[in-house]
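Numbering (our numbering), first residue to last: 91 to 243.
Every residue, glycine too, gets a C-beta built ideally from N, C-alpha and C.
All values reported here derive from a predicted model rather than from experimental measurement.
For reference, the structure is listed below as structure tokens.
Given below as structure tokens:
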């Protein structure tokens, strides 16, 4: 199980960590910005994650895939982010047939080609890619038009 999200969306990161904990999975943080934001959020008390729940990327081979959840960056297809590098086989963590990749973000206009390029590459490696286009897995973190108008007024 791999979850790609914005590194700055700490609430979503907490949700993924909670699900991993509830399902008996260890969590591996992949991506410099994600690790940095998680460390800062933990130190400030905004993120609750036990030390024993975290595993380093080089320890993944010691666990069965069903015992792990990888949280990573790259949900917008950024070429140097962890997910794109995994999809292109340019990262120490590899995607294998049968892996489930959850892209926990909406598509930002202008990123379509990059995002679908990553999805296609992941699919070629045999991953089951779940995203807003094929499942109800994401809602916006932004207020609705009416709520925004209320705030402006």
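| Where DSSP assigns a beta bridge to residue 190, which residues make up the other side? | Residue 190 sits at position 100 when you count from the first residue of the chain shown. According to DSSP, which records beta bridges pairwise, residue 190 is partnered with 218.
| Nearest to residue 245 by alpha carbon, out of 199, 201, 150 and 126? | This structure leaves residue 245 out entirely; the chain is present only between 91 and 243.
| query | Which value, in whole angstroms, describes the spacing of the CA atoms of residue 108 and residue 224? | reply | Along the chain shown, read from residue 1 onward, the residue named residue 108 stands at position 18. Along the chain shown, read from residue 1 onward, the residue named residue 224 stands at position 134. The alpha-carbon atoms of residue 108 and residue 224 are separated by roughly 24 Å.
| query | Closest to residue 117 by CA distance: which of 142, 200, 135 and 99 is it? | reply | Here residue 117 refers to the residue found at position 27 of the chain shown. The residue among 142, 200, 135 and 99 with its C-alpha nearest the C-alpha of residue 117 is 142.
| Pair within 7 Å by beta-carbon distance, residue 187 and residue 208 | Along the chain shown, one-based indexing puts residue 187 at 97. Along the chain shown, one-based indexing puts residue 208 at 118. Between residue 187 and residue 208, the C-beta spacing is not below 7 Å.
| Whose C-alpha, out of 140, 190 and 243, is nearest the C-alpha of residue 212? | The sequence position of residue 212 within the chain shown is 122, counting from 1. Its Cα nearest to that of residue 212, the residue 190 stands out among 140, 190 and 243.
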